[in-house]
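To start, the structure under review is shown below, and the notes come after it.
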Amino acid sequence: MKIEKLRLENFKSYQGVHEIGPFDDFVAVIGSNASGKSNCFDAICFVLAAPASSMRCKELSELICNADDTITSASVEMTVRKLNDLIVFKRKVTNSSSTYYVNGSKVSASDYKDSLNEVGFHNKFQSYIIFQGEVGNLASTNPKGITKLIEELSGSIDYKEQYDHLEDDLKKVKENLTTAEEERISITDRYKSVKEEAKIVNEYNDLDLKIKEKEKEENSFTLCQSSLILKDSQSDFENNKKDFEKLREELSNYNEAAKNSDEAINAARHEYKETQKKMKKLQNNFDSLENEIKITQNKEEELNSKLSKLLLNDKQINDEITTKNMEISSLKSDILQIESRNSVKNEYKKEMIELNNKINSSNTVVHAEYQSKLDEKRILEQNIQNSKSNLQNLKEEYEEMISKKIANFVMPHEPELQNDFSNIILQKQKLLNDERQKINSDNQCKNRYNILDILQNPSNQISGIHGFLIQFVSSIRQKYDKAVSALLPSFSNLIVVDSKSVIKQCIKTLKTFNLSGVTFISLDEIENSEILTQNSMINLLSYPKEYKPLLQFLFKDYEFYEDQTKIFNLLRDPSYNKTIIDIDGVVSHVNGFVSCGKYAIIESNPKFVKEIEEEIEKLQKQNEIILKENKTKIDDFEKLMEEYKKQIQRNDENEEKIEELKTKIQAKETEIDQFETNILQLQKEINELKDKFDNIEFTTDLHVKIFEILGCSSIEEFQTKYNEFVDEENKKKEKEAKIEYFNAKIDILKKNDNKNQIKNVKKSLSGVKSELKQLNNSLSEKSEELNEVKSEMTTKESLFNKCQNQKKEMIKKAQNVNKKVTELQTKSNSLQKIIEETRDLINEKILSSDFSSLEEVLLHDFSNELSRFLSSKLTPSQQKQTKERFEKEISQLKEAQSKLKPNFGCQNQLNSLKLLKNESENKIKKLRDLQKVTKEKFNEIKRKRLSLFKDSLDKIQYSLNIFYPRLTSLKSQPLGGNAFLTPENVSIPFNGGISYSVIPPHKRNRNVSNLSGGEQTLAVLALSFALSTVKTAPLFVLDEIDAALDYRNVKSVSDFLIDMSHQHQVIIVSHKSGVFQFADSLIGVTRYGGNSRTFFLQLKKPNQSSYIDDEPSETFAI
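Per UniProt numbering, the very first residue in the sequence shown carries number 1; after that it's consecutive.
Right, here's the structure in full:
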């Protein structure tokens, strides 16, 4: 069955009606990006009843072509050939609703899907459709998702509801049965305990009688002893009363004597106070004299200080006056010197001023012209200097240019670079990664055994854990160690337990510790099966007998052969479906794939890893140094080359500059010559003006005389000497002003003379000293008077103390008597209290006992010992001992009674418990019958579901063992890779996830989600076609699945699709010529005017052979 043709109307980018077909067995859809290829793919999905989300849109209305507002619907019609019949499926969308047609008749959505299922287009599991970019999603499907997919394909999901329902019922029955058994045990235990309680009640009553008898004896003893104590206390109370009266008379006598002593004390106190007042008055006078003396002494000190300051100030003034006089005399001598130098000039001062003014007025014009010529000369000289400087700079620049000009340039040589350690580091890192993987493997093993330790910990209360399977299994002889070692790693994380309930307890415990990575298998769910062949791997194993059914179940698909020829022949037999392990531990699968190489014991060495890490670190440091040195050399070489190029360029530029400089130097030399000629001409004019200025005639004889006195030969010399005279006159005026300032300051200092102040201070000081002497005399007189009063006061004080001592003696005697009175009073009170307490105690004990009076107690017939205690009074210690003995006996009896804790209603409980026990046993019997029936039903459903699931899983695995090796076959490894579907729960695979992992050529076993894009594509493609072997799909629709493939894998995929097209129709959207060139026909899609158009091309299959794999062979190490 296959698709014959498609008819699209206003679907996405296909405006109008488009017919595509006829479709051959292998059809490729090609075209540029955004041309509408995937829309053609979406059209097939649409007619196969796919949801909107799988066609890259949110709503179905987005599938309608939006080229024209008048377009309101879109439809896709698919013609399918089944044997000789044609079936037409049509789906139409208007707004967001769909309409379905089969052979032109309108049908419901469910009928439409049923019709698709009848012809092989399964709507629930469209594994035959792989959308663009969906390879990664399929590769990352979780194990539970793969399990669900296989359940739907196999039909075992039909039993899931019954299975879950029966499993829940069985759980409930087990729980109810456990509860009922626990109740029965509880009732039985309670029945036994109630019997024991009846015995305790009897014992409790006996003890109660003994306690009452002991309490009666204790009360009797207490009553008799209390009556004796009462008699003695009353007698002592009367005696105390008489002693109290005597002491009161003695106390009144002492009080009378104390009153007399108080009168004598008051008189002595009055005299003492009068004397004390007199002494205070004298003391105040004495203190005031002392204060006056202190004040006078302070005045004396202040006057002495003031006098010393005045004397010091007077000395400083005299010194300053002397200094100023010296400065004045110095200034006067300077003035005299100036006057002596200018004595002649002062006589002709007026004439000199007149002559100077005349010279200035008469020669203004000549002088101005003379000055202008001088200025012009200075400017020319400056220009000559600047020009010479410029000329010198030009010559220096010219010489520098000549020196920079280099005739021959030497090109720098390339540096010799050191070899680095990059390759060695890569090798070491590869070795380090291998060692780390070994350590990780060891750690995983340790972690597994840590998990086992946690589960077997007594605190978790989990029984029925046997341990890891590999702990109990070993080879029967050393010869078979390699073969057994190749078999066991697949089961290294398998823990053997007694039952499924133990598995649940273990999983619950691991969840609390957040642990995983182990698989459980229960012994009670393993069915017995016989070993099918004598070559079964179980024959090579040594194990406990109770694990035989488990090992038969696990290793039934593994056989052992030593003969390689036999192995080769068996693998070629299509009916043979076992896995073979040889003597060297090489595992050979049905498809001829070898999944293990030579056996090797992997041992990790952490010290070796540390040594490699240190060695890599050293090499990296050395490598960094070498790389830096090489980089420095290369940078230096590049700088030299740049300098070399720049030097050549500069040399050419310097040639031009040298010529320019020559021209400039010649021009400057001409300019300097011209300036020198102009200066010579100006010098002549200046000399003429100077002669004219010096030859001025003065008619006045006085002026000539002044010239002679001053010794001037010219006007210029006169003016110079005249200026010197004016400067000295100004200096003289300044010095005279200073002399006036110093004289004024000396007058001020003399006015501040303090000699009178010194005299006044000395006079005040002598007065203060005489006053101080008088005060000291008065103080000595007062001191003598004060001493007399003090001696009088001492006498009075001794008399007062004597009277006080007499009073104290009387008070002391009175206090002693009073103390005795208080003691007698206290004793009387205590006796009174004892009498009252004893009476109360006697009354209380009589009321609490069976006796009516104390006489009745004394007449009662007690034991001999107790009768003796009742008739005679005991000492307090004896009474205490006797009471303690009674209390001890009573407390012992009460303690024994309190430990019993009787249940007085136990007889009623005993009767009710008998009835409950009978009811519990009947309930347990019914639940056991129900459990048996439910378990039989559950096992039947489980067997059916497991059979369907395992058959489908085996078919898929068998197909994977064919398809994946074909897709991954290489020239260096023609058998290709291998793919595995591994159930998490081996015994009941549909109860856990199924992980999909592959071993690509020359690589380790990896989960599909951890592969590269190209490897994922091959793995997903193999799985998709393998799934179709359970429920055959009529076609496969693939949208750009080859995007991540290289040219070699493209060739593998195209060859695979060619082979598959003989069994399934294949429609693929592709950009790879390596795929579409082998198609039976091509559908070209192009974009024109915003709409997609299609073209159909029938291809002839090429006669030439397939591409030759000329890629170099890959090498790998095991």
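Glycine included, each C-beta is placed from N, C-alpha and C at the ideal position.
Cβ neighbours of residue i in the same chain (closer than 8 Å, five flanking residues each side left out)
i, result
"residue 890", "211, 214, 215, 218"
"residue 376", "682"
"residue 638", "none"
Where residue i sits in the DSSP three-state scheme
i, result
"residue 1093", "strand"
"residue 1099", "coil"
"residue 1007", "strand"
"residue 979", "strand"
"residue 336", "helix"
"residue 909", "helix"
"residue 270", "helix"
"residue 573", "coil"
"residue 601", "Unreliable placement is indicated for residue 601, whose pLDDT of 38 sits below 50; the coordinate value is still reported in the next sentence. If DSSP states are grouped into helix, strand and coil, residue 601 belongs with coil."
"residue 1085", "strand"
"residue 464", "coil"
"residue 959", "helix"
"residue 1039", "strand"
"residue 996", "strand"
"residue 1149", "Limits of the chain in this structure are 1 at one end and 1118 at the other, which puts residue 1149 out of reach."
"residue 864", "Because the pLDDT at residue 864 is just 49, under 50, the model does not fix this residue reliably, and the point stays unresolved."
"residue 579", "strand"
"residue 520", "strand"
"residue 698", "Confidence at residue 698 is low in this model, with a pLDDT of 48, below 50, so its placement is unreliable and no value can be given for it."
"residue 534", "coil"
"residue 542", "strand"
"residue 555", "coil"
"residue 387", "helix"
"residue 1028", "coil"
Contact set for residue i: own chain, Cβ-Cβ below 6 Å, skip 5 residues either direction
i, result
"residue 1013", "1044"
"residue 1040", "132, 1069"
"residue 17", "9"
"residue 303", "761, 764, 765"
"residue 601", "Unreliable placement is indicated for residue 601, whose pLDDT of 38 sits below 50; no coordinate value is reported for it."
"residue 954", "none"
"residue 732", "335, 338"
"residue 779", "289"
"residue 464", "497, 498, 502"
"residue 306", "761"
CB contact flag (residue i, residue j, <7 Å)
i, j, result
"residue 804", "residue 295", "no"
"residue 542", "residue 476", "yes"
"residue 913", "residue 187", "yes"
"residue 1094", "residue 35", "no"
"residue 468", "residue 495", "yes"
"residue 1122", "residue 1083", "For the chain, the structure presents residues 1 to 1118; residue 1122 sits outside this window and is missing."
"residue 996", "residue 71", "no"
"residue 658", "residue 373", "no"
"residue 1059", "residue 26", "no"
"residue 268", "residue 800", "yes"
Proximal residues to residue i (C-beta, below 7 Å), its chain only, five neighbours per side dropped
i, result
"residue 283", "786"
"residue 894", "211"
"residue 431", "612"
"residue 208", "897"
"residue 153", "125, 952, 1027, 1030, 1031"
Unbroken stretches of the alpha helix (DSSP H), 4 residues or longer, contained in the UniProt domain "RecF/RecN/SMC N-terminal" (3 to 124)
Correct list: 37 to 47, 109 to 118.
Using 8 Å as the threshold, is the stretch 982 to 992 in touch with the stretch 922 to 935, meaning 3 or more CB pairs across them?
The answer is no - the stretch 922 to 935 does not touch the stretch 982 to 992, with fewer than three Cβ pairs under 8 Å.
For a minimum of 4 consecutive residues, which ranges assigned as the alpha helix (DSSP H) are wholly contained in the stretch 283 to 323?
Restricted to the stretch 283 to 323, not a single alpha helix (DSSP H) segment is unbroken, complete and at least 4 residues in length.
Would you check if there are 3 or more beta carbon pairs closer than 8 Å linking the stretch 137 to 148 to the stretch 48 to 55?
With the cut-off at 8 Å, the stretch 137 to 148 and the stretch 48 to 55 do not touch.
Count the CB pairs spanning the stretch 1019 to 1027 and the stretch 160 to 173 that are closer than 8 Å, and state whether there are at least three.
With contact defined as three or more Cβ pairs closer than 8 Å, the stretch 1019 to 1027 and the stretch 160 to 173 are not in contact.
Would the stretch 385 to 405 count as touching the stretch 573 to 584 if we require 3 or more Cβ pairs under 8 Å?
The stretch 385 to 405 makes no contact with the stretch 573 to 584: fewer than 3 CB pairs, one atom from each, lie closer than 8 Å.
What alpha helix (DSSP H) runs, 4 residues minimum, are completely inside the stretch 470 to 505?
If one requires a minimum length of 4 residues, the alpha helix (DSSP H) runs lying completely within the stretch 470 to 505 are 481 to 487, in chain order.
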